[in-house]
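To start, the structure under review is shown below, and the notes come after it.
2 protein chains.
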Amino acid sequence: MPDFPIGGYDGGSVSVSRPMGRVTLADVAKAASVATMTVSRYLHGNPNISPATARKVKAAIDRLGYRPNYAARVLMGQPSKVIGLILPNLANPFFSLIAHCVQQTAHGRGYLVWIAATNDDPTSDLELIERMRDHHVDGLLLASSQGSNIPQEKMGGIPTVAIDRPLRGAGVDFVTVDDRAAAREAVSHLLQHGYKRIAITGIDAQIRPIQERILGYQDAMRAAGLPPLPYIRCDDHASALQICKTLRTGKRPVEALFPLNGDTSVLFLEAFEELRISIPRDLAFFSYGDIPLSRAIRPRLSAVQQPIEAMAEQATLRLLEQIEQKTKPSRARIKIPASLVIRESCGCTRSRSSRTS
Amino acid sequence: MPDFPIGGYDGGSVSVSRPMGRVTLADVAKAASVATMTVSRYLHGNPNISPATARKVKAAIDRLGYRPNYAARVLMGQPSKVIGLILPNLANPFFSLIAHCVQQTAHGRGYLVWIAATNDDPTSDLELIERMRDHHVDGLLLASSQGSNIPQEKMGGIPTVAIDRPLRGAGVDFVTVDDRAAAREAVSHLLQHGYKRIAITGIDAQIRPIQERILGYQDAMRAAGLPPLPYIRCDDHASALQICKTLRTGKRPVEALFPLNGDTSVLFLEAFEELRISIPRDLAFFSYGDIPLSRAIRPRLSAVQQPIEAMAEQATLRLLEQIEQKTKPSRARIKIPASLVIRESCGCTRSRSSRTS
DNA sequence: TCCCTTATTGGGAGCGCTAACAATCTAGTT
DNA sequence: AACTAGATTGTTAGCGCTCCCAATAAGGGA
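Set out below in structure tokens:
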């Protein structure tokens, strides 16, 4: 059996329910007493059509409630006007905001967005790509799951833009936040407070954006002549608690904590509350990405503010350009600068804001 | 011009880039020296095929890397194996969790899920339905935007299940949380604490689930012989602040606040923090739905816990059944009971949990 | 008036696939 | 050996649409 789903056993001759009764081009043509081609041309805005004919055709379309059959269009090589958006996880506000923005941008240009999530399953990635291709999406926007490696030939020349995470293997455009600069700025800010032992933590460091943020952290530490501390992996509530306990013990306690992603920030905020760790008195804190409900948290969080809208819009526009201009992917790497929102958790007492280079 | 996007002006004779080079059934058939029908039969798991032929066909498929062309399948009336999921807003964790669960369930049954969001634009609803139909989704899962009224004929007989919010007009199955019972239970619990003036607040009350929750509130108040207080609309941070100020003033201050949806709960938690209102000392609080980051909030929140997974799974399974068994929609109304998570914000001091009827 | 150019319309063919039916082949029966 | 039921494979047509090319209608200059 093949690895793609099939129509199901049909017993060899069981009739499949055909979507009956739908109005076709031929129906419209007959009603308007013209050739199907004329209707087709009208639909495509071909100017070589007399106003009188156009009116007749329009009337027939409206009267019959005609809708185009995209399967037939697409079979002839026409664009489907659908782009696929594959995300690792819809429950993460970072990605759901991307979804929102991509849809906004694409919709304004006449495209539908087919959103799907891999739920961090790297094999699911490849399957989604293939099946979306089978369904003739015009292009693909990919925030690939951790570790998935997409061979170039699997993309089969379909316009693709990677977003947030690069696509190893396939040579495509890549739009991302300038994570390295953002992390560097954040750590620099913490250093200005006089903290010397600044620790970083987060999820699996294999993911590209995390690697970039680690580099940014190291940049800032080294620039200040301080040794970078090792990256602390934190995946769940239990490990956050555990880490909190070890951070403050020992002869040289950590003075500031910088989680490198939003989920981890949440984990630590929960742990701080549970362990009655006072921020920023016991420990300074700098969050990565805006946290939902952050206004209900005291002290207010200083955070890296990711330019999600700009990133999503850039990526979408680049993709649509590739689709419509049929330009080759330039393998460009577009880095969008993030900004810092300085509130109180880092040790500041008044709010102010700065923008990274 | 029609109201659906068209392929773009083609000048009458500009050649459209056909996705060249893709392996077709005929290619496989030739490579395996059989008829195309034989390959098709193999793909559909037809048992009337000799093992030797099956092997030959499989080898050819693997060697050539054949993938089915769904446009052609669908044009013949075959199922597309895609279901559409239309949600009001992906940024809301309630809906993004629905998306996650639907995908989980559908994927296990060989279906892809086409997720799209209307961003609370009621007109966008209808357009998405129509365009997904144009693309031959096998069925539709709908959490319709507020106020959208879908005429039955627009659904055109496509299997549909409404989720969370009913579909006015179209007679389809409807899977929802038993919001009325959940609200009743929550209010009853608050009443047991001795609170008599319990206020409800939330977004636009036109939305069906909100209406049900209001009814549940009124049930509980009347059962206790108390007059229900009027519903307080709250849409943003400013109005939450305003409401907080008025709640505690006057001769008969409100003792407990019960926001009827998650977003509003967040708004009030932020306002409480800003106004230094202490929960539950100044005001008891019962949240609707689990709030992200709720573990980082003191006191811990008592909340209605919505059975999102069960709801999404039920809805998906019902839809797939309609699709595969070709059963008519029973116009059934399935209510899934919610449970209460009792923590501290309601005035309790120890955690315990109860389940509504 | 005729011919030629340009605007507008029509007529097949065929995209890749599958339903229905036809054809062939096998083994079992009398 | 002739025949038949059943298993296996092939053939044809056509899903709804758009391509290519041909056909017609409309204007303009000789």
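Chains A and B supply the protein sequences, listed in that same order. Here this note's numbering is used: the first sequence runs in plain steps of one and ends on residue 1294. Here this note's numbering is used: the second sequence runs in plain steps of one and ends on residue 1294. Think of the CB as a built atom: it goes at the ideal place given N, C-alpha and C, for glycine as much as any other residue. Since we're looking at a predicted model, the values are computed, not measured.
Using CA atoms only, rank isn't needed, just tell me which of the options is closest to residue i.
i: P1030 (chain B); options: B:V1203, B:L1277, B:S1276; result: B:V1203
i: L1206 (chain B); options: B:G1187, B:P1190, B:D1173, B:K1188; result: B:D1173
i: P1025 (chain A); options: B:H1037, B:G1021, B:L1022; result: B:H1037
i: L1104 (chain A); options: A:P1217, A:V1050, A:D1062, A:Q1129; result: A:D1062
i: L1178 (chain B); options: B:N985, B:R1010, B:E1211; result: B:E1211
i: L1194 (chain A); options: A:F1209, A:T1186, A:K1182, A:A1221; result: A:A1221
i: K967 (chain B); options: B:P984, B:H981, B:P988, B:A996; result: B:A996
i: R1232 (chain B); options: B:L1034, B:R1280, B:A1175, B:K1091; result: B:R1280
i: L1078 (chain A); options: A:L1257, A:S1282, A:Q1262; result: A:L1257
i: A1080 (chain B); options: B:H1126, B:V1074, B:L1027, B:P984; result: B:L1027
i: V1241 (chain A); options: A:A1043, A:R1213, A:S1215, A:C1283; result: A:C1283
i: P1244 (chain B); options: B:S1215, B:T1264, B:L1277, B:Q1262; result: B:L1277
i: V1039 (chain A); options: B:T1055, B:V1039, B:A1043; result: B:T1055
i: P1059 (chain A); options: A:Q1041, A:D1075, A:S1033, A:N1086; result: A:N1086
i: L1163 (chain B); options: B:H1073, B:S1125, B:I1147, B:R1150; result: B:S1125
i: P1146 (chain B); options: B:L1128, B:R1102, B:V1109, B:Q1015; result: B:R1102
Can you say whether residue i is buried or exposed, counting buried as having 16 or more other CB atoms within 10 angstroms of its CB?
i: T1286 (chain A); result: exposed
i: A1252 (chain A); result: buried
i: M1013 (chain A); result: exposed
i: R1170 (chain A); result: exposed
i: Q1143 (chain A); result: exposed
i: P1266 (chain A); result: buried
i: G1226 (chain A); result: buried
i: T1186 (chain A); result: exposed
i: G1076 (chain B); result: buried
i: E1090 (chain A); result: exposed
i: R1000 (chain A); result: exposed
i: T1264 (chain B); result: exposed
Using DSSP with H/G/I as helix, E/B as strand and the rest coil, what is residue i?
i: Y1007 (chain B); result: helix
i: P1146 (chain A); result: helix
i: Q887 (chain B); result: Residue 887 (chain B) lies beyond the stretch modelled for chain B, which goes from 938 to 1294, so this question has no answer here.
i: R1280 (chain A); result: coil
i: R1255 (chain A); result: helix
i: A1120 (chain A); result: helix
i: G1002 (chain A); result: coil
i: T1201 (chain A); result: helix
i: V1191 (chain B); result: coil
i: T975 (chain A); result: helix
i: I1100 (chain B); result: strand
i: Y1154 (chain B); result: helix
i: A1028 (chain B); result: coil
i: S1231 (chain B); result: helix
i: I1216 (chain B); result: coil
i: P984 (chain B); result: coil
i: D927 (chain B); result: No information on residue 927 (chain B) is available, as it lies outside the stretch 938 to 1294 that chain B covers here.
i: G1045 (chain B); result: helix
i: D1058 (chain B); result: coil
Would you kindly check if the distance between the Cβ of residue j and the Cβ of residue i is under 9 Å?
i: P1096 (chain B); j: R1134 (chain B); result: no
i: A1269 (chain B); j: F1111 (chain B); result: yes
i: L1184 (chain A); j: I1137 (chain A); result: no
i: Y1048 (chain A); j: I1020 (chain A); result: yes
i: Y1007 (chain B); j: A991 (chain B); result: no
i: R959 (chain A); j: R1004 (chain A); result: yes
i: D1200 (chain A); j: I1140 (chain A); result: yes
i: I1023 (chain A); j: M1069 (chain A); result: yes
i: R1255 (chain A); j: V1098 (chain A); result: yes
i: V1050 (chain A); j: A1160 (chain B); result: no
i: L1230 (chain B); j: I1228 (chain A); result: yes
i: F1209 (chain B); j: C1181 (chain B); result: yes
i: G1295 (chain B); j: A1175 (chain B); result: Only positions 938 to 1294 of chain B appear in this structure, which leaves residue 1295 (chain B) out of reach.
i: I998 (chain B); j: V965 (chain B); result: yes
i: Y1168 (chain A); j: I1151 (chain A); result: yes
i: K993 (chain B); j: S977 (chain B); result: no
i: H1072 (chain A); j: S1215 (chain B); result: no
i: A879 (chain B); j: T975 (chain B); result: Because chain B spans 938 through 1294 in this model, residue 879 (chain B) falls outside it and cannot be assessed.
i: D1057 (chain A); j: S1082 (chain A); result: yes
Any heavy atom of the ligand GDP closer than 8 Å to the beta-carbon of residue i?
i: F1223 (chain A); result: What this structure holds is no ligand at all, so the ligand GDP is not there to describe.
| Contact between the stretch 1272-1280 of chain B and the stretch 1112-1132 of chain B: three or more CB pairs below 8 Å? | Contact holds: three or more Cβ-Cβ distances are below 8 Å.
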